[in-house]
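Q: In my numbering, the protein residues as written are 4 to 269.
One structure follows; several queries about it will come next.
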Amino acid sequence: MPSEVTIMLPGDVPLVLVRVPAGSFVMGSLGDTGWEDEDEAPTHTVTIGYDFYMGKYELTQQEWFALMGSWPGTAPSTTPGLWDSYPVCDVSWNDAQNLITVLNTHMANTSQGPARFRLPSESEWEYACRAGSTTRFCFGDSTLAPMECSPGPAGDLGDYAWFCGNNGTYGTPEYGSKQVGTKLPNQFGLYDMSGNVWEWCQDWYHNSYTGAPADGSAWQTPAGSYRVCRGGYWNGHANHCRSASRGYAAPGRRNSRIGFRLLWTP
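This is the structure in structure tokens:
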């Protein structure tokens with residue numbers, strides 16, 4: 004399997020995917036004393052016995068519009084192309100599923116490969132985010148405090164993520180999500196796994212990992228009315244950008260803080 008593939012969307016818009024190799028990892032908070040949340044336990048080993056491809060970037064507004072032709076909620080701009088390279092946001096989990104249906108139909112009609120796009124499971128997402136690391140972030144543990152809003156020194160979180168430490172203040176042009184791929188990637192070559200926008204996962208949210216799948220599959224048994232989202236966002240604290248940090252929202256919720264990233268199994 005090549006390390007990177009490009010799927011052509013309608014209008015010759017490229018969707019770039021990075022191969023994530025099969026492997027095992029320990030999921031959950033790994034000794035993040037002072038940082039951890041209760042729902043990040045118990046830690047448990049997950050074995051993903053297959054390679055998969057994940058979006059190199061969060062799905063962009065250009066990619067959304069190429070497939071869907073319109074916005075599910077309020078359009079981000081009345082100027083065509085202005086926000087093309089920004090992550091799509093204000094899209095619900097349900098909206099993401101609708102796009103995936105359209106994308107898989109496009110795959111079937113264009114013979115570019117199997118029609119097997121979907122949202123990542125929560126464990127696939129964390130595995131891809133960690134990229135072999137066992138630290139709080141893909142690059143290490145950070146010098147920042149959990150609720151700190153500063154970029155930190157060179158090589159720290161500010162080099163890898165858009166979050167409250169480098170986002171600007173309310174009412175300024177810098178406040179909000181940023182163009183994808185403008186920070187450093189993790190070891191798998193994935194950008195913005197920390198910060199920028201929260202990313203929907205396939206799973207129902209559970210407030211504990213007790214009974215969680217250990218094979219990379221999504222947790223499909225409801226334990227409430229929320230779906231998982233991961234990664235933190237453009238105005239969240241450092242704590243939210245950790246590999247183990249978890250978020251959740253109602254599947255119909257549209258929010259400027261939430262987008263998603265696609266997964267493909269060829």
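For every residue, glycine included, the Cβ atom is placed at its ideal position computed from N, Cα and C.
1. With a cut-off of 8 Å on the beta carbons, I'd call residue 118 and residue 57 a contact; round off their distance for me.
2. At what residues does the beta strand (DSSP E) containing residue 252 begin and finish?
3. I think residue 6 touches residue 29, with their Cβ atoms under 8 Å apart; what is that distance to the nearest whole Å?
4. One question on the structure: do residue 89 and residue 64 come within less than 7 Å of each other, judged by their Cβ atoms?
5. What's the call for residue 85, buried or exposed, on a 16-neighbour Cβ count within 10 Å?
6. Can you determine whether any heavy atom of the ligand HEM sits closer than 6 Å to the C-beta of residue 89, and answer yes or no?
7. Determine contact between the stretch 235-246 and the stretch 104-112, defined as no fewer than three beta-carbon pairs at a distance below 8 Å.
8. How many Å lie between residue 124 and residue 198 at the Cα?
9. What's the C-alpha gap between residue 176 and residue 170?
10. Taking the straight line between their C-alpha atoms, what separation do you get for residue 146 and residue 268?
11. Report the CB separation of residue 162 from residue 187 in whole angstroms; it is logged as a contact under 8 Å.
12. Just to confirm before moving on: does the CB-CB distance between residue 251 and residue 45 stay below 7 Å?
13. Please name the residue or residues paired with residue 202 in a DSSP beta bridge.
14. Taking all protein chains shown into account, decide if residue 80 is buried (16 or more other Cβ within 10 angstroms of its Cβ) or exposed.
15. Considering just the uninterrupted stretch of the alpha helix (DSSP H) at residue 4, what are its terminal residues?
16. Ends of the alpha helix (DSSP H) at residue 56?
17. What span of residues does the alpha helix (DSSP H) with residue 133 cover, start to end?
18. Using 8 Å for Cβ pairs, my map puts residue 195 next to residue 41. What's the rounded Cβ distance?
19. Could you tell me if residue 221 is buried or exposed, where buried requires 16 or more neighbouring beta carbons within 10 angstroms of its beta carbon?
20. Which term fits residue 242, buried or exposed, when burial requires 16 or more other beta carbons within 10 angstroms of its beta carbon?
21. Alpha carbon to alpha carbon, how far is residue 109 from residue 70?
A: A quick look at the data gives this:
1. Translated into positions along the sequence shown, residue 118 becomes position 115. Translated into positions along the sequence shown, residue 57 becomes position 54. Not quite, the Cβ-Cβ distance comes to about 17 Å (not below 8 Å), so this is no contact.
2. Within the sequence shown, numbered from 1, the residue matching residue 252 stands at position 249. For residue 252, the enclosing beta strand (DSSP E) covers residues 249-252.
3. Translated into the one-based positions of the sequence shown, residue 6 becomes position 3. Translated into the one-based positions of the sequence shown, residue 29 becomes position 26. Going by Cβ atoms, the distance from residue 6 to residue 29 rounds to 25 Å, so no, they are not a contact pair.
4. In the sequence shown, counting from the first residue as 1, residue 89 sits at position 86. In the sequence shown, counting from the first residue as 1, residue 64 sits at position 61. For the 7 Å CB-CB criterion, residue 89 and residue 64 form a contact.
5. Taking the first residue of the sequence shown as position 1, residue 85 is located at position 82. Counting every other CB atom within 10 Å of its CB across the protein chains shown gives residue 85 a total below 16, marking it as exposed.
6. Here there are no bound small molecules, and the ligand HEM is not part of this structure.
7. Contact fails: fewer than three Cβ-Cβ distances are below 8 Å.
8. Locating residue 124 in the sequence shown gives position 121, counting from the first residue. Locating residue 198 in the sequence shown gives position 195, counting from the first residue. The straight-line gap separating the alpha-carbon atoms of residue 124 and residue 198 is approximately 18 Å.
9. By one-based count along the sequence shown, residue 176 stands at place 173. By one-based count along the sequence shown, residue 170 stands at place 167. So the two alpha carbons sit approximately 10 Å from each other.
10. On the sequence shown, position 143 is the one that residue 146 refers to. On the sequence shown, position 265 is the one that residue 268 refers to. If you take the alpha carbons of residue 146 and residue 268, they lie about 37 Å apart.
11. The sequence position of residue 162 within the sequence shown is 159, counting from 1. The sequence position of residue 187 within the sequence shown is 184, counting from 1. With a Cβ gap of about 5 Å, residue 162 and residue 187 count as contacting.
12. On the sequence shown, residue 251 is found 248 positions in, with the first residue counted as 1. On the sequence shown, residue 45 is found 42 positions in, with the first residue counted as 1. No, Cβ-Cβ distance for residue 251 and residue 45 is not below 7 Å.
13. Counting from 1 along the sequence shown, the entry for residue 202 is found at position 199. 233, 262, per the DSSP bridge assignment.
14. Translated into positions along the sequence shown, residue 80 becomes position 77. So residue 80 ends up on the exposed side.
15. By 1-based counting over the sequence shown, the position of residue 4 is 1. Counting along the chain, residue 4 falls outside any alpha helix (DSSP H), and DSSP gives it neither H nor E.
16. The residue you call residue 56 lines up with position 53 of the sequence shown. Taken as a continuous stretch (DSSP letters only), residue 56 belongs to no alpha helix (DSSP H), being part of the beta strand (DSSP E) at 55-58.
17. As a first step, residue 133 is located in the sequence shown; it is residue number 130 there, counting from the start. Where residue 133 is concerned, the enclosing alpha helix (DSSP H) starts and stops at 125-133.
18. One-based indexing of the sequence shown puts residue 195 at position 192. One-based indexing of the sequence shown puts residue 41 at position 38. Between residue 41 and residue 195 the Cβ distance is about 27 Å, and since that is not below 8 Å, they are no contact.
19. On the sequence shown, residue 221 is found 218 positions in, with the first residue counted as 1. Within 10 angstroms of the beta-carbon of residue 221 lie 16 or more other beta-carbons, which makes it buried.
20. For the purposes of this step, residue 242 is identified with residue 239 of the sequence shown, where counting begins at 1. Around the beta carbon of residue 242, 16 or more other beta carbons lie within 10 angstroms, which makes this residue buried.
21. One-based indexing of the sequence shown puts residue 109 at position 106. One-based indexing of the sequence shown puts residue 70 at position 67. Distance between the alpha carbons of residue 109 and residue 70: 8 Å.
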